[in-house]
Structures are given as structure tokens and as C-alpha cells.
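For the sequence shown, my numbering gives the first residue as 1037, with consecutive numbering after it. Glycine is no exception: its CB is placed at the ideal position from the N, C-alpha and C atoms. Step one of this worksheet: look at the structure below.
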Amino acid sequence: TSEMYKSGKFNETIRTALDRAEEFIQIDREISGSQKADRHPVQPVCEHCGRVGTTVVVGWDGHQVEYECRPDKVTWAKGCGHRGKRSPFDGGSKLQYKAEWAAKWRILGVTIEGAGKDHMTKGGSHDVASAMVERIFNHPTPYPIPYEWFLVGGRKMSTSTGIGVPAAELVAILRQELARFLMVRPHYRQQINFDPTGETIPNLYDEYDRAAAAFFGELEGKTPAETDLIRDHSRTFYYSRTNGEQPRCIRMRFAKVANLMQMPTVNLFGVAAKEKGAPLTAQDRSELQQRMEDARRWLGSYAPDHYRFQVQSSMPRVELSPMQREFLGQLAAVVAQQEWSGEELHNRIHDLKSQIGLKPKDAFSAIYLAFLGKDSGPQAGWLLASLDRAFVLARLRQASTAGVRGPFDSAQGRPGSEVR
1037 TSEMYKSGKF
1047 NETIRTALDR
1057 AEEFIQIDRE
1067 ISGSQKADRH
1077 PVQPVCEHCG
1087 RVGTTVVVGW
1097 DGHQVEYECR
1107 PDKVTWAKGC
1117 GHRGKRSPFD
1127 GGSKLQYKAE
1137 WAAKWRILGV
1147 TIEGAGKDHM
1157 TKGGSHDVAS
1167 AMVERIFNHP
1177 TPYPIPYEWF
1187 LVGGRKMSTS
1197 TGIGVPAAEL
1207 VAILRQELAR
1217 FLMVRPHYRQ
1227 QINFDPTGET
1237 IPNLYDEYDR
1247 AAAAFFGELE
1257 GKTPAETDLI
1267 RDHSRTFYYS
1277 RTNGEQPRCI
1287 RMRFAKVANL
1297 MQMPTVNLFG
1307 VAAKEKGAPL
1317 TAQDRSELQQ
1327 RMEDARRWLG
1337 SYAPDHYRFQ
1347 VQSSMPRVEL
1357 SPMQREFLGQ
1367 LAAVVAQQEW
1377 SGEELHNRIH
1387 DLKSQIGLKP
1397 KDAFSAIYLA
1407 FLGKDSGPQA
1417 GWLLASLDRA
1427 FVLARLRQAS
1437 TAGVRGPFDS
1447 AQGRPGSEVR
């Protein structure tokens, strides 16, 4: 919208609003029923402080607008007190949001428009804008579609009040395709409350990937109901795209990307190529790079503690049972001769725990306690493979002979769970 103002696309409607300001004010009073609806439809940009919401038009000569930047006009900002004259065109002013809404319909030739349910109430901003566009701009009201609120962490996403979450904050959290997917996926009358903390983003990525698989024909329904669901997933992915046709590419699971990124020696592009079974295409690399950026942001701000980990340089003070120590000792003997790859080590860990009769949660927690000092972590095979073999063997042998090394706070993570 700011570019539309600067490029002059609003100039004609701004002139109309200045010439017929009293009509705009009267329509607002008539439709909203509020005697406070006396705001001028045009708000100049103060040349002294740059504020818009604090200015008031006090004169218009057909070329320049005279205005005051009032300190007490609004509660959420303080005007600087400047009084001056300027051209209202080419970004020199903005329209009050109801008038701007009507002007956009006229300028862009809008025929259908969605808006939050609060705007669609009787006498609400949509009714006011509708009267303005029809009576003043001689343009029909677009077909209205009321929709539910979009909440981010419980706060309404808003652009007009200055209170809530601006759309720019959402796309700073989610890539554009994922943000669109989040909005397109539910029924438009269903409220969305998006909380980026916890496992929300990994789960959303999983759903996005299922929709992509449906779109590219990688899923097959066994029943009519499943076929319909796959078709819905496919359509959701289609409408989530931002750049037209999107070629098929490998989509490594987001949680796996987040885990492997924390292992300094792991080459994610190499892991992806092995997973694909073929060299990566430019689209494969671009998609993986995007997921790496998203994972880095998520780990830094929103991920639960059990997704974050750091290899301890010395043996942590942890408590291991006799069977866990035996398991780690035998694991040292196994991995000493094993191919040093995440997949192979992961398989040997599963084989060994079964051979000695150790429960999965006890086997994995033993590894995580020995290397991370907490009883949960990433896929164990890939964790070990990301470290120096000599370091791994030394730590496993040390842990296998260690007795009780002190109390362990079991609140750190979920016992023996792999973050997949």
C-alpha cells in the first residue's frame, strides 16, 4: 500500500476525499451511528516528525493541505506540535482506513473481498466503506466474505489498531508458503490461533509436506474418503504456492533438519542426496536451504528445550543403571568396527538393545545422558556419527565403567525419547 501511495495511484482518490471531506464524515456518522465519527478522511504525513496518526487537516486550497500535528490527538502516539503546508500527493498523505478501503476497491477494481468478522458487523467499517465507495467513488461494493480472526499467540493479527500482531511479524516467523498454507487449510469461518512455540512449526511442516505429496501424486487413497482427503490436501498445497508452478523436490522432514543442523560435522546436503538416492537439483537445494533457515530461527526462539542440545566436553554427572552401563560398553565394542554413518550406527543401536533386552527408552537415554547430560535428544545414530570416532569410543567406555555420578534431574526432556 505504501508503494501505491508513493507511485501516485491514490492521488485521484485523495483529491476526491479532500474536495468532499464532509460527505465522508457524514457517511461515517450515518452508518456507524457514532457521534465521534468526525475524522477527516485524509491524514497528512508530518514533515517534522514523520507521523501520520497524529495529524489533522485544517485547510485545503486545491494544491496543498494545511495540517497540525497534535500531541493529544491519539493515546498511542504523541504529535510534535508542528503546523505546516504540503502536497498531499505521491506519499504526502494517507487516507483514513475506511476511506482507504473504499479507495482500494475503486483503484484495483476489486470484485470480491474478505474481511474479519469484526469489520462485517452491522454499522462496522465494511458498511461504512461500502457506502463511501458507492456514493462517492461510484464503484460497486465487492462481494463480501466474512472470516474468523487469525490469532498469533492469542493476539489478533491487525493492521489498523496498532494493537495486536502485524502480518509482517507472521511472515518473519513462517516462510510465505507456510503462512499461506496455515490460512488456506481451515474453513474461513474457523478461528486460527497460531502459537509458534513448542512443536507447532514442525507439525505444520509435516502437514505441509503431506499436502505436497498429495499434490505431486505421491499418495493413493484406499477408500473414497481417503481419496477425497488427498484431493483436499492437494488443493490446499496448490493455493499455498507463491511463485506459480512449483517443481517436485525432496522435502527433508523439518524436525530432522533442526536436529542435524546442531551436529557440526553433518553435511545436510549430503544427507539429503543420500536420502533421495540421486544428486540434488537446484530446487532440492533451495528447499533445503529454506528449511535450514526456518529451523535456525525456530531453534533460536521457539523450540522446546528437548529439541536443543549440546555435546558435553567431559563426562556429565549423571546416573546410569548397571544394564545401561553394560549397553554402553557393548556399544563401544560394536561401533569400534562399524561403518561411521548415522544410518548404520542407528541400526546397530537398535540391534544391540534388543540383544541384551534393554528397553528402548533406557537404551537411548543412556546415550543421551553420556553425551548430552540430558535424557532426550536427536536420532542417536546421527548424533554419534557427527562426532569424532575416538571421542565417541572414549566416552562410551568411560560411561560404561562409571558408577553413580550424582543425581540427575529427570525434568530435562522426556526420558529416553528420540526427537525425530
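Counting C-beta pairs with one atom in each stretch, the region 1330–1337 and the region 1395–1403 have fewer than three that are closer than 8 Å, which means they do not touch.
Secondary structure at Ala1151: strand, using DSSP grouped into helix, strand and coil. Ranking Trp1141, Leu1316, Trp1418, Asn1047 by CA distance to the CA of His1099 puts Asn1047 first. Taking 8 Å as the cut-off, the beta carbon of Ala1421 is found closer than this to the beta carbon of Gly1378. The continuous stretches of beta strand (DSSP E) do not include Ile1286, and DSSP gives it neither H nor E. Here Val1094 is near Glu1102, since their CB atoms are less than 8 Å apart. If you draw a straight line from the Cα of Lys1153 to the Cα of Leu1218, it comes to about 18 Å. DSSP places Tyr1338 outside both helix and strand once states are collapsed to three, so it counts as coil.
Leu1429: member of the alpha helix (DSSP H) spanning 1425–1437, first to last residue.
The alpha-carbon of Gly1393 is positioned some 13 Å away from that of Pro1358.
In the three-state reduction of the DSSP assignment, Trp1096 falls in the strand class, which pools E and B.
Under DSSP, Pro1182 takes part in a beta bridge, and its partners are Ala1151. Residue environment: Val1307 is assigned as buried (16 or more neighbouring CB atoms within 10 Å of its CB, all protein chains considered). One alpha carbon belongs to Pro1107, the other to Met1156, and they sit about 32 Å apart. Note: Gly1313 is not bridge-paired with any residue in the DSSP secondary-structure output.
Around the C-beta of Pro1300, fewer than 16 other C-beta atoms lie within 10 Å, and the residue is accordingly described as exposed. Following the DSSP letters along the chain, one finds Pro1260 in no beta strand (DSSP E) but inside the alpha helix (DSSP H) bounded by residues 1260–1276.
Inter-residue distance for Glu1380 and Pro1352 is about 26 Å (C-alpha atoms, whole angstroms).
Looking from the CA of Glu1136, the closest CA among Asp1242, Ile1209, Ser1068, Ala1053 belongs to Ala1053. The Cβ atoms of Ile1061 and Val1164 lie no closer than 8 Å to each other. Contact between Phe1173 and Ala1138 holds, with the beta-carbon distance rounding to 6 Å and staying under 8 Å.
For Val1101, the enclosing beta strand (DSSP E) starts and ends at 1101–1105. Only residues of its own chain outside the window of five on either side were considered, and among them Phe1407 have a CB closer than 6 Å to the CB of Val1347, listed in chain order.
Of the residues assessed, Gln1212 falls on the exposed side of the cut-off, its CB having fewer than 16 other CB atoms within 10 angstroms.
C-alpha of Ala1291 to C-alpha of His1386: approximately 21 Å in a straight line. The beta-bridge partner set that DSSP reports for Lys1134 is empty. Straight across, the Cα-Cα distance linking Leu1144 with Tyr1274 is about 25 Å. Annotation for Ile1050: Val1078, Pro1124, Phe1125, Ser1129, Leu1131 place their beta carbon closer than 7 Å to its own, counting only its chain and skipping 5 residues before and after.
Using a Cβ distance threshold of 8 Å, Pro1182 and Glu1149 do not count as a contacting pair.
The three-state reading of DSSP puts Val1371 in helix, counting H, G and I together. In the three-state reduction of the DSSP assignment, Ser1068 falls in the helix class, which pools H, G and I.
Leaving aside the five residues that flank Glu1256 on each side, none in its chain has a CB nearer than 7 Å to its CB. Ranked by how close their Cα comes to the Cα of Glu1254, the residues Pro1238, Cys1285, Thr1233, Asn1279 have Cys1285 in first place.
Between Gly1234 and His1084, the alpha-carbon positions lie close to 44 Å from each other. Non-local C-beta neighbours of Phe1252 in its own chain, meaning closer than 7 Å and more than five positions away in sequence, comprise Arg1284, ordered along the chain. In the three-state DSSP reduction, Asn1047 falls in the helix class (H, G or I).
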